[in-house]
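A.B. asks: For the sequence shown, this note's numbering assigns the number 65 to the initial residue and increments by one for each residue that follows.
Ideal placement from N, C-alpha and C gives every residue a C-beta, glycine not left out.
I'd like to ask you about the structure that follows.
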Amino acid sequence: MQRHKVYIIRKLRPSELIEVVRINRRNLPENYPIEFFRIHLENYSEAFLVAVLDERIVGYIMNRIERGELYTRKLRYGKRGHIISIAVEPEYRGIGIGTSLMVQAMKNMKNVYHVDEYYLEVRVTNNPAISLYKKLGFKIVKTLKSYYLDGEDAYLMAKSAY
Ligand code: COA
């Protein structure tokens, strides 16, 4: 039987925080206490999105808005949309959910929070994620040496919001 592939992207509800924490722990080595997720939901709720399929949360994206020097326009200060964490459950990967989460979150960060650019860190060996970001127009700005706790380097990737 063919798998049902119709999903929706919507804002995370506070009652669903624990489900996002579980997806984070199952799919990424970078884990955080639930309070970290709660603070992002409280402060940037328009940019904390989930993918729902078969009445289940199967993916999420969590972001934060920062002010500082822009990576895409040197010597200019502005608002940066920082993509903190994104994950899709393994059985639901490869059908566009990660792309949809990114695209919708970037739209909301621009339209609601008026960011000038988006940026993120990604493990230099995480090819699926790196190709997703490149496909969306992100460029590698620099390498952050030993960025992760296990010593792996990160790429800092950024994209202008204009
Ligand atoms: N190998 C190489 N590229 C891949 C890939 C794979 N196994 N899976 C996805 N991609 C890339 C492709 O460029 C793809 O575009 P295409 O379908 O046009 O080729 C693009 O990602 C988007 O695919 P999509 O189906 O929208 O993404 P997804 O729903 O599979 O989610 C991740 C992508 C990265 C969110 C998912 O793999 C994931 O949750 N990984 C574990 C958590 C993680 O690494 N998060 C990122 C931390 S920075």
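1) For G145, is the beta carbon positioned less than 8 Å from some heavy atom of the ligand COA?
2) In chain order, which continuous runs of the beta strand (DSSP E) of length 3 or greater are located wholly inside the segment 148-190?
3) Check whether the Cβ atoms of A222 and Y182 lie closer than 9 Å to each other.
4) Grab the span of the alpha helix (DSSP H) containing R90 for me, first residue to last.
5) Do you know how far the Cα of S149 is from the Cα of M126?
6) Let me confirm a value: R144 is counted as buried when at least 16 other C-beta atoms fall within 10 Å, else exposed. Which label applies?
7) What do you get for V186, buried or exposed, if any count of 16 or more other CB atoms within 10 angstroms of its CB means buried?
8) Cutting at 6 Å between CB atoms, please list the residues of its own chain near E153, excluding the five before and the five after it.
9) Here's the rule: buried if 16 or more other CB atoms are within 10 angstroms of the residue's CB, otherwise exposed. What is T136?
10) Tell me whether N127 sits in a helix, a strand or coil according to DSSP, three-state version.
11) Between the Cα of K209 and the Cα atoms of K199, L220 and Y156, which residue gives the shortest distance?
12) Near the ligand COA, which residues have their beta-carbon closer than 6 Å to a heavy atom?
13) What is the DSSP secondary structure of A225, counted as helix, strand or coil?
14) Does any residue of chain B have a CB that is nearer than 9 Å to the CB of A111?
C.D. replies: With the structure as the only source:
1) The residue given as residue 145 occupies position 81 in the sequence shown. No, the beta carbon of G145 sits no closer than 8 Å to any heavy atom of the ligand COA.
2) 181-187
3) Taking the first residue of the sequence shown as position 1, residue 222 is located at position 158. Taking the first residue of the sequence shown as position 1, residue 182 is located at position 118. Cβ distance < 9 Å, so A222 and Y182 count as in contact.
4) Translated into the one-based positions of the sequence shown, residue 90 becomes position 26. It spans L81 to N91 - the alpha helix (DSSP H) in which R90 sits, taken as one unbroken run.
5) The residue given as residue 126 occupies position 62 in the sequence shown. The residue given as residue 149 occupies position 85 in the sequence shown. Distance between the alpha carbons of M126 and S149: 5 Å.
6) Start at 1 with the first residue of the sequence shown, and residue 144 comes out as number 80. With 16 or more other Cβ atoms within 10 Å, it is buried.
7) Counted from its first residue, the sequence shown places residue 186 at position 122. Per the 10 Å Cβ criterion, buried.
8) Against the sequence shown, residue 153 aligns to sequence position 89. V122.
9) The residue given as residue 136 occupies position 72 in the sequence shown. By the 10 Å Cβ count, T136 comes out buried.
10) For the purposes of this step, residue 127 is taken as the residue at position 63 of the sequence shown. N127: strand per DSSP, three-state reduction.
11) Along the sequence shown, one-based indexing puts residue 209 at 145. Nearest option by C-alpha distance: L220.
12) N91, L92, I150, A151, V152, R157, G158, I159, G160, I161, G162, T163, V186, N190, N191, P192, A193, S195, L196 and K199
13) On the sequence shown, residue 225 is found 161 positions in, with the first residue counted as 1. Three-state DSSP puts A225 in coil, outside helix and strand.
14) In the structure shown, chain B does not exist; there is a single protein chain.
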